[in-house]
Each structure stands twice: as C-alpha cells, then as structure tokens.
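*Asks:* Protein sequence lines, in the order shown, are assigned to chains B and D. Just so you know, we're using the numbering used here here: the first sequence kicks off at 13 and counts up by one. Just so you know, we're using the numbering used here here: the second sequence kicks off at 13 and counts up by one.
Protein chains: 2
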Amino acid sequence: MGLLIQSNFDPKEQQINISITGNKRQRLKQQNQLTLIKAALDCIAELGVRQTSVSEIIQRAGLSRGMIHLHFGGKDQLLIAAGHYASKLYYDHLETQLLGVNDCPQKIIEAVVRSDLSPAVLNQHNVNIWYAFRGEARHFKDIVSFSDTRDPRLRKLVSNAYQRLAIQNEALQPEQARALAKEATYGTLCLMEGMWTDYLLHTDSFDRHKALRIIMRFQAALFPAYFNLDGAIPTKDQ
Amino acid sequence: MGLLIQSNFDPKEQQINISITGNKRQRLKQQNQLTLIKAALDCIAELGVRQTSVSEIIQRAGLSRGMIHLHFGGKDQLLIAAGHYASKLYYDHLETQLLGVNDCPQKIIEAVVRSDLSPAVLNQHNVNIWYAFRGEARHFKDIVSFSDTRDPRLRKLVSNAYQRLAIQNEALQPEQARALAKEATYGTLCLMEGMWTDYLLHTDSFDRHKALRIIMRFQAALFPAYFNLDGAIPTKDQ
DNA sequence: TGTTAGTATGGACGCTCGTCCATTTTATGC
DNA sequence: GCATAAAATGGACGAGCGTCCATACTAACA
Chain B
13 MGLLIQSNFD
23 PKEQQINISI
33 TGNKRQRLKQ
43 QNQLTLIKAA
53 LDCIAELGVR
63 QTSVSEIIQR
73 AGLSRGMIHL
83 HFGGKDQLLI
93 AAGHYASKLY
103 YDHLETQLLG
113 VNDCPQKIIE
123 AVVRSDLSPA
133 VLNQHNVNIW
143 YAFRGEARHF
153 KDIVSFSDTR
163 DPRLRKLVSN
173 AYQRLAIQNE
183 ALQPEQARAL
193 AKEATYGTLC
203 LMEGMWTDYL
213 LHTDSFDRHK
223 ALRIIMRFQA
233 ALFPAYFNLD
243 GAIPTKDQ
Chain D
13 MGLLIQSNFD
23 PKEQQINISI
33 TGNKRQRLKQ
43 QNQLTLIKAA
53 LDCIAELGVR
63 QTSVSEIIQR
73 AGLSRGMIHL
83 HFGGKDQLLI
93 AAGHYASKLY
103 YDHLETQLLG
113 VNDCPQKIIE
123 AVVRSDLSPA
133 VLNQHNVNIW
143 YAFRGEARHF
153 KDIVSFSDTR
163 DPRLRKLVSN
173 AYQRLAIQNE
183 ALQPEQARAL
193 AKEATYGTLC
203 LMEGMWTDYL
213 LHTDSFDRHK
223 ALRIIMRFQA
233 ALFPAYFNLD
243 GAIPTKDQ
C-alpha cells in the first residue's frame, strides 16, 4: 500500500491513493487523479494562484472538465490534495536522503539541511508552489497544515538529534541541554525557511553553498564540538 | 513634500503622493487614493488575494466603483500601489526606531532586528499582506521589489554595520573581515525572514522574546565581543 | 456476450469578475 | 456667481469563472 493523501470530498473515500494499484479501472482512475494534481501544481508554479483556473488545469491535464468535480468535489479540494502531494514529495526526498545515514545525530541534521537545500527540493517549481499556498494559508485553513516545512515530523526529527548532542555535553545541566537543543532546532529551521525566501526573491544570485555554510556556522556556534565548517560542500552543482 | 509611491497608470502622474497636501480638491483626491490603498490591504490581509475583488475593495472603502480605474488605472495597479505603501510603512517604522540610536553598529543592528520583530511591524495584518504578495511575486514582476524585506536599503544598513564591527577585530585580515560581515548579514536577514514564516504558520505559539534571543545568539556566535544574550528582552508585551 | 456500474465527457448554467464611460457633482479661478 | 475642468458616480458590458449533469463510454463480472 502506498502513502495516502487526504481529500475532503466523499466521506466514503476520504483518502485518495497516490500509488497506482488495483485493476485497470482503478489504475486509470488513480492515474487521472494524479494527472490532475500534477497539472494543478504546474499551473500554480507557472501562473500563480490567481491565474489557476479549472479551464487552465484541465487543459494542461488533457482531461475533461467534469473530472475535477468527479474526483475531488471541486477546484478547492483539488488544490488541497495538490498541496498534500507536494508536501509528500518533500518528505519522500528527505527519507531517501536519510536512508544512507546511520544513527549519528550530526549526520541526521546535516541530511535534513542538505535535503532542504538540494536542487531536487529547493527549485523554482517548488518554491513557487510553496509560497503560493502560504499566501493563502491564513484564509484557507486546510492549507496551513501542509504549507509548513517545519511540521511536527521534521521538527521532531531535528529536535531529537539536537537533544542527543546536547546531553552528551557533560558541562550542561539536563535543563540547559534541553534549552540548547530547543534553540538549535528553532534556529536551524528558521534559517532553512529564510533560505527559501531568499531563493524566492533572489533566485539568480542564490548560492546553495553559501546557504549551507551559514547554517553550518550557526550549528558550529551552538555545538562547536560536533560541527565544523568544512562540511559545507554542496552535494551537486548549483 | 512627502514620500512617493509608484503607480504604472498615467505617465503624466506616474507617482501618487502619499502625503496629504495641496488645496481641498487635491487633498480629497489623495485621501481617496489612500482610502483605496488601505481598503485593498485590509482585504488582502483578511480575505487573501483570491477573494480580493474590486467590489470587495470599494465596499470597504465606501467609495464608488469607478475610482479604482480613475486613480490607479485598474485593480492590479492599485494592488501594486498598496504593496509599495505597505513597504513604506515597514521602513517608516524602522526609521523611527533608528532615530534614537547613535552611530554604534551593534545598536543599529539591534534596532533593525527589534523593529522587524516588534508588534507594530510583525503582526497578523502585515504578515498576511506580505505573504499574499509573495505568493504572487514570481508571476507579477512588479511585486517582487517591495515583497522583499531585505531590499538593498535594509541589506546595506545591516551590512555596513557588520563591516564596521568586523574590521575592528584586528585578528582578521581585511578580506576575512569582509567575508565575516557578509555571512553575518546573510544569516541575520535569513533568520529574520524565518521568524516571519514562523509567525505566519504558528501565530499562537510565536514568542517574540525567543525569536529575538535566537538572532542574538547567532550574532553572539559570530561576534562574541560585541553581542551578548542579555540584550534579548522584548521592548513590549508579547 | 450481455448487463451493470464505475468512470469520463463537455456543454449549459448562473454568477461574479474587472473595465469602462456617460452622467453628475463640486471645487476652483475669473 | 458663473463658467470650467477636475473628480466622483454607479450601472452596463462582455468575458471568464466554477459547478453540475445528462449523456456516452468501457472495464468488470456473471
């Protein structure tokens, strides 16, 4: 069974399967749903929310007008499903990056940051989509949940790693260690967010290497024993 | 003469005066323009871009339908003018905060951060507006310029202050000092951006004191001689 | 192979959008 | 106080929106 994404449409099928399974009929249905989701995301990325219309989506999907209503109940629900899908892609990439990492806290944190800044995740397409949803987040409650990179999953992953580093420092009281870990988590995630905004507004001059270096610097300042700046070498080109 | 904001409407009057001056006729005109701008911002903050329509704006402004076209040439140009106005308010607040500060680099940087995090600037209304514009930034070129907190003005202000701190450190080569100042500027601005995103997505649990403290911590790590964590006391409540 | 039920189609619908302009109002300067 | 031009008004307009549904298709199963 594949991962599921939520839809608010038919209560009987509140979840739409993202993986393509079942007999031919089910496969075609799921394929069309995915096509619609991807078309919607392309639309948002290229044209923005304001210009993303049902006509635009179905034209890109090459499917018929009625399918949005049929499969998602309406345009808004399709957009919500698309948001969940985009969020899923973010975490899918993170998980693949975490696979090659042993249980070492520094490596986990580094993998999170590297994944967040990697070209596969941090690119024009995704940044456009993310900020488009966030622009509507406050007025479209369902969107908040997935427009947050730092949702509880990610936060907990990073927080746990920092906790483990902090308690290794015998000079700190347990409570001090907890406080340090909290601040490190907050700062790291804020920096990651800030980098995305930088990418949105200064795409042409954005430098992944520099971005990674700044975050490493912050970590090195809080945990001098565990991080050094030499790690700040990009995984791939630009 | 007051500050001016740009409009793309009539080439003969490419700028719309924000200050209220001149005879009665001019004052009324400027007042109505400002009313429209404020109504548009309220709309965006409360309803989002998607629901911000001409009808909604003029209803809130209590003015007639045709005024948007008359004064701004169309809805989009009004929104652009509104964006410039919002940006102006940000810098106006910053300037008042800088007035009481002498030429000390640390104090300047602290004033920038405190202003950015102050309730007068970082609040639901403004965050909604800022992210609404950013959501359209990529597809609405005119918007990029003012949706950027870190526009050249702010960047230069912070950068110059850090430069002055860095060159005071005699242990650093001039080039190292420059690099340090650049990283400090980048990191500080990214953290500020990250805090705004945190506010957007976690308004209820957002803590200005904690946010300020993290930024101070980053600064203290890069300039241990000039920043300490005790400065992290909020100017007001919340 | 025939029946059925799940899926797909695309046009019609009512509605709201932003624009524009003929008309009215009103401050200004002679 | 009158003539003038600037500013304000609000309804009409066509275009485009999202929704919905009568109809057509087709995979599944007996």
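In this text, a Cβ means the ideal position worked out from N, Cα and C, and glycines have one as well.
1) If distances are taken between C-alpha atoms only, which option among N35(D), Q89(D), L213(D) comes closest to A149(B)?
2) So, A132(B) versus H151(B), is the Cβ gap smaller than 8 Å?
3) Chain B beta carbons: is any one of them nearer than 8 Å to that of V156(D)?
4) Could you tell me whether any Cβ in chain D is nearer than 8 Å to the Cβ of I226(B)?
5) Which class does P236(B) belong to by DSSP, given the choice of helix, strand or coil?
6) Can you grab the Cα-Cα spacing for the pair S67(D) / G95(D), in whole Å?
7) Nearest-angstrom Cα distance between R176(B) and R220(B)?
8) Apart from the five residues on each side of it in sequence, which residues of its chain come closer than 8 Å, Cβ to Cβ, to Q63(D)?
9) Is it buried or exposed, E122(B), if we count other Cβ atoms within 10 angstroms and call 16 or more buried?
10) Checking 8 Å against the spacing of the C-beta atoms, do I80(D) and L48(D) come in under that value?
11) Using the beta-carbon of each residue, which ones in chain B are nearer than 8 Å to R229(D)?
12) On the criterion of 16 or more Cβ atoms from any shown chain inside 10 Å, does E205(B) qualify as buried, or is it exposed?
13) Can you check whether the C-beta of S130(B) is within less than 8 Å of a C-beta belonging to chain D?
14) Nearest by alpha-carbon distance to L75(B): which of N44(B), L59(B), W208(B) is it?
15) Per DSSP, what kind of secondary structure is P131(D) in: helix, strand or coil?
16) By the DSSP assignment, the alpha helix (DSSP H) with V170(B) in it spans what residues?
17) Which word fits Q89(B), buried or exposed, when buried means at least 16 other C-beta atoms lie within 10 angstroms of its C-beta?
18) To the nearest angstrom, report how far apart L129(D) and L201(D) are at their CA atoms.
19) Does the Cβ-Cβ distance between G147(D) and Y143(B) come in under 8 Å?
20) Would you kindly check if the distance between the Cβ of T215(B) and the Cβ of Q136(B) is under 8 Å?
21) Does Q63(D) have its Cβ less than 8 Å from a Cβ in chain B?
22) Measure how close the beta-carbons of A193(B) and Y174(B) come, nearest whole angstrom, since I'm counting them as under 8 Å.
23) Apply the 10 Å Cβ neighbour rule to A233(B) and answer buried if 16 or more other Cβ atoms are within range, or exposed otherwise.
24) Using CA coordinates, which residue listed in S171(B), I227(B), E195(B) is at the minimum distance from T197(D)?
25) Excluding the 5 residues flanking F21(B) on each side, which residues of the same chain have their C-beta closer than 7 Å to its C-beta?
26) Going along chain D, which residues have a C-beta under 7 Å from S144(B)?
27) For G206(D), which residues in chain B fall below 8 Å Cβ to Cβ?
28) Within 8 Å of any Cβ in chain D, is that where the Cβ of R150(B) sits?
29) Counting only Cβ-Cβ distances shorter than 7 Å, please list the residues of the stretch 161-178 of chain D near chain B, keeping chain order.
*Replies:* In terms of the structure at hand:
1) L213(D)
2) No, Cβ-Cβ distance for A132(B) and H151(B) is not below 8 Å.
3) yes
4) yes
5) coil
6) 19 Å
7) 27 Å
8) C55
9) buried
10) yes
11) E195, G199, A233, L234
12) buried
13) no
14) N44(B)
15) For P131(D), the secondary structure class from DSSP, reduced to helix, strand or coil, is coil.
16) 164-180
17) buried
18) Distance between L129(D) and L201(D), taken at the CA atoms: about 12 Å.
19) It is a contact, given that the beta carbons lie within the stated cut-off.
20) yes
21) yes
22) 4 Å
23) buried
24) I227(B)
25) Because F21(B) sits at a pLDDT of 39, beneath the cut-off of 50, its placement in the model cannot be relied upon, and the following sentence gives the value as read from the coordinates. Excluding positions up to five away in sequence, the list reads F84, G85, Q89.
26) Going by the sequence as given, residue 144(B) is Ala instead of Ser. Within chain D, the residues near A144(B) are G147.
27) L201, C202, L203, M204, E205, G206, T209
28) Chain D, which has a Cβ nearer than 8 Å to the Cβ of R150(B), makes this yes.
29) none
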